Each structure stands twice: as structure tokens, then as C-alpha cells.
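Following: one structure in C-alpha cells, then a few remarks.
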Amino acid sequence: MSTSTMSAPLTLNLPQGSLRFTFSSEAAQGLKADLGELMSTLKAAAATQGGEPTRRTPQPPMEYRHTGDVFLEVFCNPNIWPSPFAAKVLVTLRDDRIRVTTEAELSQIYEDINAYLE
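First residue of the sequence shown: 0, per my numbering; consecutive thereafter.
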């Protein structure tokens, strides 16, 4: 049985609670790739700083959008965070009846996606 097109509940853990919704493994792979790229960008920026206050090259924001049973958007501006472990993302989850927008830790969302894909 192939899991590439199956949908299963994904739980995103937040500082105050969690969000649980149906999400496909294909969509999770896409989100994982975007989050991994964002983490690499932030790690590289933190490494080049090396404790010295230097001017970083501005990076474009990461914006992930997925429309399925619900609409999911994950947004992060990498220019305002010193490292991937300090970074936060803005998560929006909505359908035609409800909309939830909240802030979450980048590292936690990345861990949640990895756990979902295992």
C-alpha cells in the first residue's frame, strides 16, 4: 500500500495547545522541504555572524501554502531571527467555517512534520 497519496491527521504542537488536521504525505514532504531550506538559511546566517554584528544579506520570506481539506499557510521572515532555534513561524489554518492564526516555533513545526512522515 502506497502512502504517498494517503491523508492522515497531522498534529502541529503550539506553545498553547495544538492543531490537528488531515494532511497528505505529499503535502508534508513539500512543507518539510521548505522548512529545511529555511532552517539551512538561518543556520548559515547564524554561522556567518559568529558573534560579530555584521550586516546580513536580506533573504526572501518563506511562504508555504497548501489547499486540501483545509487551507494551511506557514510564513516566516528569516531576516528577523538570529538562528533557526530562535525563529518562529506564523501558521494559518482555515476552511469555510473557521480560521486560526498563531505563532509557533520553527524547530517544533519541523519536528512535527518529521514525526508525521515517519
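Note that the Cβ used here is the ideal one computed from N, Cα and C, for glycine as well. The structure presented is a predicted model; accordingly, all values stated were derived computationally and were not measured.
Can you list, in chain order, the residues of its chain whose CB lies under 8 angstroms from that of residue i, leaving out five sequence neighbours each side?
i	result
Phe20	Pro8, Leu9, Asp68, Val69, Leu71, Leu92
Lys87	Cys75, Trp80, Glu102, Ala103, Glu104, Leu105
Can you find the residues in the same chain that come closer than 6 angstroms, C-beta to C-beta, to residue i, ignoring five residues on each side of it along the sequence?
i	result
Leu34	Tyr109
Arg64	Glu72
Asp94	Val69
Provide the residue span of the beta strand (DSSP E) that contains residue i, from first to last.
i	result
Ala7	6-13
Glu72	70-75
Ser17	16-23
Thr91	87-93
Arg64	61-66
Taking just the CA atoms, how far does residue j sit from residue i?
i	j	result
Gln58	Lys42	13 angstroms
Gly29	Asp111	14 angstroms
Thr97	Leu18	With the sequence shown as reference, residue 97 is identified as Ile, and Thr is not the correct amino acid for it. Ile97 and Leu18: Cα-Cα distance of roughly 13 angstroms.
Gln107	Met38	12 angstroms
Tyr115	Thr47	32 angstroms
Ser23	Pro77	26 angstroms
Ala32	Pro83	15 angstroms
Thr100	Leu89	7 angstroms
Glu25	Ser6	9 angstroms
Gln15	Pro60	25 angstroms
Thr56	Glu117	35 angstroms
Can you tell me whether residue i sits near the ligand SAM, meaning its C-beta is under 7 angstroms from at least one heavy atom of the ligand?
i	result
Arg96	No copy of the ligand SAM occurs in the structure displayed, which carries no ligand at all.
Grab the span of the alpha helix (DSSP H) containing residue i for me, first residue to last.
i	result
Ala114	105-116
Got a sec? Which residues, its chain only, sit under 7 angstroms from residue i by beta carbon, not counting five neighbours each side?
i	result
Leu11	Ser17, Leu18, Val90, Ala103, Ile108, Asp111
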